[in-house]
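Quick note: the sequence shown uses my numbering, first residue 1054, plus one each step.
Where is the CB? At the ideal position from N, CA and C, for every residue including glycine.
Bear in mind that the values here come from a model prediction, so they are computed numbers and not experimental data.
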Amino acid sequence: LSHQDKIADFEMKLMDIDSEHLGIPDAEYQAIVRMPSAEFARICKDLSTIGDTVVISVTKEGVKFSTKGDIGTANIVCRQNTTVDKPEEATVIEMQEPVSLTFALRYMNSFTKATPLSSTVTISLSSELPVVVEYKIAEMGYIRFYLAPKIEEDEEDGRSTIQYWSIRITICQLYC
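This is how it looks when you write it as structure tokens:
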């Protein structure tokens, strides 16, 4: 098909969301990981073949992405690596204290669709705060995805577990 043989037209409805419910607190994050965005996308894609959630754990040994599902478990560890030829290929970990949080892989995989926009991704983590997945877009600004960690609440009888997820996307140009 040549470009003249196909015309695609998409129309999306806007969502009216009460912004008060989506406030993101300014916070110092316990751990910040900067890594190649293609590597992060590959990790999320690979883990989603095994399980539905990813546990992201940052320690002095590195950042570990793990999942478990009906068919097995998977663990991928990325160690700090700053001795590379290109800065965008480095994995840099800044950690005030160890942190380990669980997130929905389906949302993480949606976030990785921004991979072509930036060669690196920055993942900011803190206990009981949403993870921030940020892609810097050249000289234009950035796109940030916020995803609340999995929170389990057992009822008094201890039988049922409720999982809460929330998501927010921020797109900012340089003048933000």
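If V1145 sits next to Q1133, beta carbons under 8 Å apart, how far is it from one beta carbon to the other, in whole angstroms? As a first step, residue 1145 is located in the sequence shown; it is residue number 92 there, counting from the start. As a first step, residue 1133 is located in the sequence shown; it is residue number 80 there, counting from the start. Confirmed, about 6 Å.
Which partner residues of C1131 appear in the DSSP bridge assignment? Walking along the sequence shown from the start, residue 1131 turns up at place 78. Bridge partners of C1131: V1116.
Taking a contact to mean a Cβ-Cβ separation below 8 Å, would you say F1093 touches V1174 in this structure? In the sequence shown, the residue the question calls residue 1093 occupies position 40. In the sequence shown, the residue the question calls residue 1174 occupies position 121. In contact: F1093 and V1174 (Cβ atoms closer than 8 Å).
Residue range of the alpha helix (DSSP H) that includes L1158: The sequence position of residue 1158 within the sequence shown is 105, counting from 1. Its alpha helix (DSSP H) spans residues L1158 to F1164.
Spatial neighbours of K1189 within its chain, please: CB distance less than 6 Å, with the 5 preceding and 5 following residues excluded, ordered by chain position. To locate residue 1189, count along the sequence shown from 1; it is residue 136. Here the set comprises S1171 and Y1195.
Assigned exposure category for M1193 - 16 Cβ within 10 Å defines buried: Taking the first residue of the sequence shown as 1, we reach residue 1193 at position 140. The residue is exposed, with fewer than 16 neighbouring Cβ atoms inside 10 Å.
Under 8 Å between the Cβ atoms of A1143 and T1135? Counting from 1 along the sequence shown, the entry for residue 1143 is found at position 90. Counting from 1 along the sequence shown, the entry for residue 1135 is found at position 82. In this structure, T1135 lies closer than 8 Å to A1143 by Cβ.
Distance between beta carbons of T1120 and V1107, contact taken as under 8 Å: As a working note, residue 1107 is residue 54 in the sequence shown. As a working note, residue 1120 is residue 67 in the sequence shown. Indeed, because the Cβ distance is near 5 Å, the residues count as touching under 8 Å.
Near R1212, what residues of its chain come up, given a Cβ to Cβ distance below 8 Å and the 5 sequence neighbours on each side ignored? On the sequence shown, position 159 is the one that residue 1212 refers to. Bear in mind that a pLDDT of 46 at R1212, under 50, signals an unreliable position, so the model cannot answer this.
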